[in-house]
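First comes the structure, then the notes that go with it.
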Amino acid sequence: MGVLIILVGYLLGSISFSIVVAKRIRNIDIRDYGSGNAGATNTLRVLGKGPAILVLLLDAAKGAAAVWIAHIFGAGNWVVVLAGVASIIGHNWPVFFKFHGGKGVATTIGMLLALAPIPALLSVIVTVVIIALTRYVSLGSLVFVTLMPIMMYIWNNPAPYIIGTLLITILGYVRHYENIMRLLQGKERKIGK
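This is how it looks when you write it as C-alpha coordinates:
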(Lines of atoms letter the chains of each structure in order from A; the text may use other names.)
(Lines give C-alpha, C1' and ligand atoms only; values in the text may rest on other atoms or scores of the structure.)
Protein backbone atom coordinates (compact mmCIF):
# COMPACT_ATOMS: atom_id res chain seq x y z
CA MET A 495 0.00 0.00 0.00
CA GLY A 496 2.85 2.38 0.88
CA VAL A 497 4.43 1.97 -2.58
CA LEU A 498 1.07 2.73 -4.23
CA ILE A 499 0.63 5.90 -2.14
CA ILE A 500 4.15 7.07 -3.10
CA LEU A 501 3.40 6.31 -6.77
CA VAL A 502 0.20 8.38 -6.54
CA GLY A 503 2.31 11.22 -5.11
CA TYR A 504 4.66 10.99 -8.10
CA LEU A 505 1.78 10.94 -10.60
CA LEU A 506 0.15 13.97 -8.94
CA GLY A 507 3.46 15.80 -9.14
CA SER A 508 3.75 14.90 -12.82
CA ILE A 509 0.78 17.10 -13.68
CA SER A 510 2.72 20.18 -14.86
CA PHE A 511 0.22 22.99 -14.43
CA SER A 512 2.44 25.60 -16.09
CA ILE A 513 2.46 23.47 -19.25
CA VAL A 514 -1.31 22.91 -19.07
CA VAL A 515 -2.11 26.58 -18.37
CA ALA A 516 0.23 27.89 -21.10
CA LYS A 517 -1.28 25.46 -23.59
CA ARG A 518 -4.82 26.60 -22.70
CA ILE A 519 -4.10 30.32 -22.66
CA ARG A 520 -1.67 30.78 -25.57
CA ASN A 521 -1.38 27.32 -27.13
CA ILE A 522 2.37 27.23 -26.38
CA ASP A 523 4.76 24.93 -24.54
CA ILE A 524 6.05 27.11 -21.68
CA ARG A 525 9.34 25.20 -21.83
CA ASP A 526 10.09 26.82 -25.21
CA TYR A 527 9.98 30.34 -23.74
CA GLY A 528 11.70 32.40 -21.06
CA SER A 529 13.98 30.26 -18.90
CA GLY A 530 12.58 27.05 -20.38
CA ASN A 531 11.45 26.02 -16.91
CA ALA A 532 7.97 24.57 -16.31
CA GLY A 533 7.10 26.50 -13.17
CA ALA A 534 5.41 29.55 -11.69
CA THR A 535 8.35 31.96 -12.10
CA ASN A 536 8.68 31.28 -15.81
CA THR A 537 4.90 31.46 -16.14
CA LEU A 538 5.11 34.95 -14.60
CA ARG A 539 7.74 35.98 -17.14
CA VAL A 540 5.91 34.53 -20.13
CA LEU A 541 2.18 34.82 -19.31
CA GLY A 542 1.93 37.38 -16.49
CA LYS A 543 0.75 37.56 -12.88
CA GLY A 544 -2.70 35.91 -13.09
CA PRO A 545 -1.54 32.68 -14.76
CA ALA A 546 1.57 32.61 -12.53
CA ILE A 547 -0.52 32.81 -9.35
CA LEU A 548 -2.82 30.06 -10.66
CA VAL A 549 0.17 27.82 -11.45
CA LEU A 550 1.75 28.54 -8.06
CA LEU A 551 -1.44 27.57 -6.21
CA LEU A 552 -2.08 24.44 -8.29
CA ASP A 553 1.54 23.27 -8.00
CA ALA A 554 1.42 23.82 -4.23
CA ALA A 555 -1.93 21.98 -4.04
CA LYS A 556 -0.55 18.84 -5.66
CA GLY A 557 2.29 18.68 -3.10
CA ALA A 558 -0.21 19.12 -0.27
CA ALA A 559 -2.56 16.54 -1.83
CA ALA A 560 0.17 13.90 -1.86
CA VAL A 561 0.65 14.35 1.90
CA TRP A 562 -3.11 14.46 2.62
CA ILE A 563 -3.76 11.29 0.63
CA ALA A 564 -1.05 9.49 2.60
CA HIS A 565 -2.62 10.70 5.86
CA ILE A 566 -6.13 9.68 4.74
CA PHE A 567 -4.91 6.12 4.17
CA GLY A 568 -3.24 6.06 7.58
CA ALA A 569 0.29 5.81 6.24
CA GLY A 570 3.24 6.03 8.61
CA ASN A 571 5.60 9.00 8.74
CA TRP A 572 8.03 7.58 6.17
CA VAL A 573 5.33 6.95 3.57
CA VAL A 574 3.78 10.38 4.19
CA VAL A 575 7.14 12.08 3.66
CA LEU A 576 8.10 9.94 0.66
CA ALA A 577 4.73 10.57 -1.00
CA GLY A 578 5.42 14.29 -0.67
CA VAL A 579 8.98 13.94 -1.95
CA ALA A 580 7.65 11.84 -4.84
CA SER A 581 5.29 14.69 -5.80
CA ILE A 582 8.30 17.03 -6.00
CA ILE A 583 10.23 14.50 -8.09
CA GLY A 584 7.16 14.18 -10.32
CA HIS A 585 7.07 17.95 -10.79
CA ASN A 586 10.77 18.04 -11.64
CA TRP A 587 10.71 14.97 -13.90
CA PRO A 588 7.07 14.49 -15.00
CA VAL A 589 6.20 11.21 -16.69
CA PHE A 590 3.41 12.94 -18.62
CA PHE A 591 5.73 15.55 -20.16
CA LYS A 592 8.84 13.63 -21.21
CA PHE A 593 10.49 14.07 -17.78
CA HIS A 594 11.16 17.79 -18.44
CA GLY A 595 9.52 19.78 -15.66
CA GLY A 596 10.16 22.58 -13.21
CA LYS A 597 12.27 23.06 -10.11
CA GLY A 598 9.63 21.98 -7.62
CA VAL A 599 9.58 24.99 -5.30
CA ALA A 600 5.80 25.57 -5.26
CA THR A 601 5.16 21.83 -4.92
CA THR A 602 7.68 21.73 -2.07
CA ILE A 603 5.95 24.63 -0.32
CA GLY A 604 2.54 22.93 -0.57
CA MET A 605 3.92 19.59 0.53
CA LEU A 606 5.69 21.07 3.56
CA LEU A 607 2.74 23.27 4.59
CA ALA A 608 0.63 20.09 4.70
CA LEU A 609 3.35 18.14 6.50
CA ALA A 610 4.41 20.67 9.15
CA PRO A 611 2.48 23.96 8.85
CA ILE A 612 4.29 26.13 11.42
CA PRO A 613 7.91 25.42 10.34
CA ALA A 614 6.89 25.69 6.68
CA LEU A 615 4.97 28.94 7.19
CA LEU A 616 7.87 30.55 9.04
CA SER A 617 10.24 29.45 6.27
CA VAL A 618 7.86 30.85 3.63
CA ILE A 619 7.75 34.21 5.45
CA VAL A 620 11.56 34.42 5.52
CA THR A 621 11.65 33.42 1.85
CA VAL A 622 9.16 36.11 0.85
CA VAL A 623 11.22 38.73 2.71
CA ILE A 624 14.42 37.57 0.95
CA ILE A 625 12.72 37.71 -2.46
CA ALA A 626 11.22 41.15 -1.71
CA LEU A 627 14.61 42.53 -0.64
CA THR A 628 16.76 40.98 -3.37
CA ARG A 629 14.21 40.26 -6.16
CA TYR A 630 15.97 36.91 -6.70
CA VAL A 631 13.38 34.10 -6.67
CA SER A 632 16.12 31.49 -6.90
CA LEU A 633 17.87 32.85 -3.79
CA GLY A 634 14.58 32.81 -1.90
CA SER A 635 13.98 29.22 -3.02
CA LEU A 636 17.42 28.17 -1.81
CA VAL A 637 16.86 29.90 1.54
CA PHE A 638 13.52 28.08 1.87
CA VAL A 639 14.92 24.57 1.27
CA THR A 640 17.90 25.32 3.54
CA LEU A 641 15.70 26.56 6.39
CA MET A 642 13.22 23.68 6.35
CA PRO A 643 15.34 20.91 7.95
CA ILE A 644 16.49 23.41 10.57
CA MET A 645 12.90 24.42 11.34
CA MET A 646 11.81 20.78 11.44
CA TYR A 647 14.53 20.07 13.99
CA ILE A 648 13.73 23.15 16.10
CA TRP A 649 10.02 22.21 16.18
CA ASN A 650 10.95 18.67 17.24
CA ASN A 651 9.33 16.95 14.27
CA PRO A 652 9.77 13.18 13.76
CA ALA A 653 13.08 11.96 12.29
CA PRO A 654 11.49 11.01 8.92
CA TYR A 655 10.32 14.62 8.51
CA ILE A 656 13.80 15.98 9.20
CA ILE A 657 15.48 13.45 6.90
CA GLY A 658 12.83 14.04 4.24
CA THR A 659 13.46 17.78 4.28
CA LEU A 660 17.20 17.14 3.99
CA LEU A 661 16.45 15.15 0.81
CA ILE A 662 14.35 18.07 -0.42
CA THR A 663 17.24 20.45 0.33
CA ILE A 664 19.58 18.32 -1.80
CA LEU A 665 16.98 18.19 -4.60
CA GLY A 666 16.56 21.96 -4.41
CA TYR A 667 20.27 22.59 -4.72
CA VAL A 668 20.61 20.12 -7.60
CA ARG A 669 17.72 21.74 -9.52
CA HIS A 670 19.06 25.26 -8.84
CA TYR A 671 22.70 24.52 -9.74
CA GLU A 672 22.66 26.87 -12.76
CA ASN A 673 20.96 29.58 -10.71
CA ILE A 674 23.63 29.24 -8.02
CA MET A 675 26.35 29.67 -10.64
CA ARG A 676 24.62 32.76 -12.05
CA LEU A 677 24.12 34.21 -8.55
CA LEU A 678 27.83 33.77 -7.82
CA GLN A 679 28.70 35.43 -11.14
CA GLY A 680 26.19 38.26 -10.65
CA LYS A 681 24.27 37.18 -13.77
CA GLU A 682 21.05 35.85 -12.25
CA ARG A 683 17.86 37.52 -13.52
CA LYS A 684 15.83 39.40 -10.95
CA ILE A 685 12.07 39.06 -10.85
CA GLY A 686 10.43 41.61 -13.11
CA LYS A 687 13.28 41.57 -15.61
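So for the sequence shown, this note's numbering puts the first residue at 495; every next one is plus one.
Think of the CB as a built atom: it goes at the ideal place given N, C-alpha and C, for glycine as much as any other residue.
Keep in mind the model is a prediction, meaning the values are calculated, not measured.
On the three-pair Cβ rule with 8 Å, is the stretch 527-537 touching the stretch 559-577?
no
Any contact between the stretch 609-618 and the stretch 639-649? By contact I mean 3 or more CB pairs, one from each, below 8 Å.
yes
Would you check if the distance between the CB atom of Ala-600 and the CB atom of Asp-523 is smaller than 8 Å?
no
Backbone CA spacing between Leu-641 and Leu-665 [nearest angstrom]
Each residue's alpha carbon lies about 14 Å from the other.
In the DSSP assignment, the alpha helix (DSSP H) including Lys-592 goes from what residue to what residue?
Where Lys-592 is concerned, there is no enclosing alpha helix (DSSP H), because DSSP gives it neither an H nor an E.
Given this structure, state the Cα-to-Cα distance separating Arg-539 from Ala-516, to the nearest angstrom.
12 Å
Please return the same chain residues whose Cβ sits closer than 7 Å to the Cβ of Val-637, not counting the five positions on each side in sequence.
So the qualifying residues of the chain are Val-620, Thr-621 and Ile-624.
Cα-Cα separation between Leu-498 and Ser-510, rounded to whole angstroms
Rounded to whole angstroms, Leu-498 to Ser-510 spans 20 Å at the Cα level.
Which residues in the same chain as Leu-616 place their Cβ atom closer than 7 Å to its Cβ, once the five residues preceding and following it in sequence are excluded?
Met-645
Per-residue burial, Arg-520 [other beta carbons within 10 Å of its own, 16 or more giving buried]
exposed
7 Å Cβ shell around Leu-548 - same chain, five flanking residues per side excluded:
Val-515
Quick check on Met-646: does DSSP put it in helix, strand or coil?
helix
Output yes or no for whether 8 Å exceeds the beta carbon distance between His-585 and Gly-578.
no
Phe-591 versus Ile-513, Gln-679 and Arg-676, residue with shortest Cα-Cα distance
Per the Cα distances, Ile-513.
For Pro-652 and Leu-541, the rounded distance between their alpha carbons:
Answer to the nearest angstrom: the Cα atoms are 40 Å apart.
Arg-518 to Ser-635 span [Cα, whole Å]:
27 Å
Is Ile-670 helix, strand or coil by DSSP?
Strictly speaking, residue 670 in this sequence is His, with Ile absent from that position. In this structure, His-670 counts as coil in the three-state DSSP scheme.
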